[in-house]
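Structure record follows, encoded as structure tokens.
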Amino acid sequence: SAIRVQVPTYKSYNLIGNFYTKRIQHRARGILETSTVFQKSNTKFLVNATSGHPLESEPKAYPNTPWNSAKNALDAFYRFSRPHTVIGTALSIISVSLLAVEKLSDISPLFFTGVLEAVVAALFMNVYIVGLNQLSDVEIDKVNKPYLPLASGEYSTLTGIMIVTSFSIMSFWLGWVVGSWPLFWALFVSFVLGTAYSINLPLLRWKRFALVAAMCILAVRAVIVQLAFYLHI
Numbered sequence: 089s090a091i092r093v094q095v096p097t098y099k100s101y102n103l104i105g106n107f108y109t110k111r112i113q114h115r116a117r118g119i120l121e122t123s124t125v126f127q128k129s130n131t132k133f134l135v136n137a138t139s140g141h142p143l144e145s146e147p148k149a150y151p152n153t154p155w156n157s158a159k160n161a162l163d164a165f166y167r168f169s170r171p172h173t174v175i176g177t178a179l180s181i182i183s184v185s186l187l188a189v190e191k192l193s194d195i196s197p198l199f200f201t202g203v204l205e206a207v208v209a210a211l212f213m214n215v216y217i218v219g220l221n222q223l224s225d226v227e228i229d230k231v232n233k234p235y236l237p238l239a240s241g242e243y244s245t246l247t248g249i250m251i252v253t254s255f256s257i258m259s260f261w262l263g264w265v266v267g268s269w270p271l272f273w274a275l276f277v278s279f280v281l282g283t284a285y286s287i288n289l290p291l292l293r294w295k296r297f298a299l300v301a302a303m304c305i306l307a308v309r310a311v312i313v314q315l316a317f318y319l320h321i
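Under our numbering, the first residue of the sequence shown carries the number 89, and numbering increases by one thereafter.
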């Protein structure tokens with residue numbers, strides 16, 4: 089005959105609870121292991137991707153070729169020379185030179201030579217003036233004009249000094265070789281006023297005073313450029 093074994097109810101509940109608890113723990117452990125494996129594989133993938141495929145922003149993507157170096161150097165000098173002042177100087181000299189033309193025969197090779205001499209010498213002096221202004225205002229330009237080479241660090245202070253010194257010497261040399269006193273004195277007065285306008289020395293740096301600064305600009309742009317270069321032609 090069959091023997092009936094009666095298990096207490098609370099024990100049945102315990103057995104069922106233990107069974108489901110073990111299953112839940114087993115499933116949770118499996119999920120945790122799967123997540124860990126996925127994280128490891130994902131990390132490995134990222135490491136491999138980073139080491140195997142460099143981003144375009146890395147230096148290797150843009151090799152420092154002679155062409156790139158020359159292009160960067162020209163771009164830095166273009167910004168250093170302040171192109172709007174270069175254009176203004178060239179246009180003003182050409183315009184005032186045309187005033188000296190009375191008849192068509194005055195437009196001769198000699199005329200073009202005189203204009204070219206004046207433009208080149210004046211542009212050399214222009215680079216000196218704007219370069220000296222940047223050398224005197226490096227800390228200010230770091231805030232207001234951070235794209236300039238001295239403010240951005242593309243040019244060192246020594247590089248800036250060498251550039252402005254070289255261009256001032258070339259300007260005076262050209263004015264002397266040409267043998268035109270109006271041209272030479274125009275360069276000399278521009279040099280003096282441009283230096284007094286920017287350089288931070290006692291009784292100088294006239295740009296601190298609005299009226300004096302305006303008078304310097306007016307003297308160079310409205311008087312010297314107009315009169316001296318007209319006489320040169």
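We treat Cβ as the ideally placed atom computed from N, Cα and C, and that holds for glycine.
Rounded to whole angstroms, what's the CA-CA distance from residue i to residue j? Just pull it up for me.
i	j	result
Val-266	Glu-205	7 angstroms
Thr-177	Asn-214	8 angstroms
Ala-274	Phe-200	19 angstroms
Trp-264	Phe-272	7 angstroms
Val-252	Pro-197	31 angstroms
Ile-181	Gln-314	7 angstroms
Ala-210	His-172	14 angstroms
Pro-307	Pro-237	According to the sequence shown, residue 307 is Ala rather than Pro. Between Ala-307 and Pro-237, the C-alpha separation is close to 28 angstroms.
Val-184	Asn-288	33 angstroms
Phe-260	Pro-270	12 angstroms
Asn-152	Ile-175	31 angstroms
Phe-255	Phe-297	27 angstroms
Thr-245	Lys-191	49 angstroms
Ala-302	Pro-154	43 angstroms
Val-208	Cys-304	22 angstroms
Ser-224	Phe-168	13 angstroms
Tyr-235	Tyr-166	11 angstroms
Give every residue of the same chain whose Cβ lies closer than 8 angstroms to the Cβ of residue i, excluding the five residues on either side of it in the sequence, and list them in chain order.
i	result
Ala-239	Gln-222, Val-226, Asp-229, Lys-230 and Lys-233
Spatial neighbours of residue i within its chain, please: CB distance less than 6 angstroms, with the 5 preceding and 5 following residues excluded, ordered by chain position.
i	result
Val-277	Ile-312
Glu-242	Ala-164
Gly-202	Ile-321
Arg-170	Val-218
Ser-268	His-320
Leu-262	Ala-209
Tyr-216	Val-252, Phe-255 and Ser-256
Identify, in the order they occur along the chain, each residue of the same chain with its Cβ nearer than 7 angstroms to the Cβ of residue i, setting aside the five sequence neighbours on each side.
i	result
Leu-322	Any property of residue 322 remains undetermined from this structure, which presents the chain solely from 89 to 321.
Ile-195	Val-189
Phe-107	For Phe-107, the predicted structure reports a pLDDT of 48, less than 50, and the residue's modelled location is therefore unreliable. A value from the coordinates is still provided. For Phe-107, where only same-chain residues beyond five positions count, there are no Cβ hits under 7 angstroms.
Pro-290	none
Trp-66	No information on residue 66 is available, as it lies outside the stretch 89 to 321 that the chain covers here.
Helix or strand or just coil, what does DSSP make of residue i?
i	result
Lys-191	coil
Gly-267	coil
Glu-242	coil
Leu-299	helix
Lys-233	coil
Thr-173	helix
Ile-321	coil
Pro-197	helix
Pro-154	helix
Asn-160	helix
Arg-167	helix
Leu-289	coil
Val-308	helix
Answer with yes or no whether the minimum CB distance from residue i to chain C is below 8 angstroms.
i	result
Phe-279	Among the chains of the structure shown, chain C does not appear; only one protein chain is present.
Checklist line | Cβ contact (3+ pairs, closer than 8 angstroms) linking the region 276-295 and the region 150-167 | finding: no
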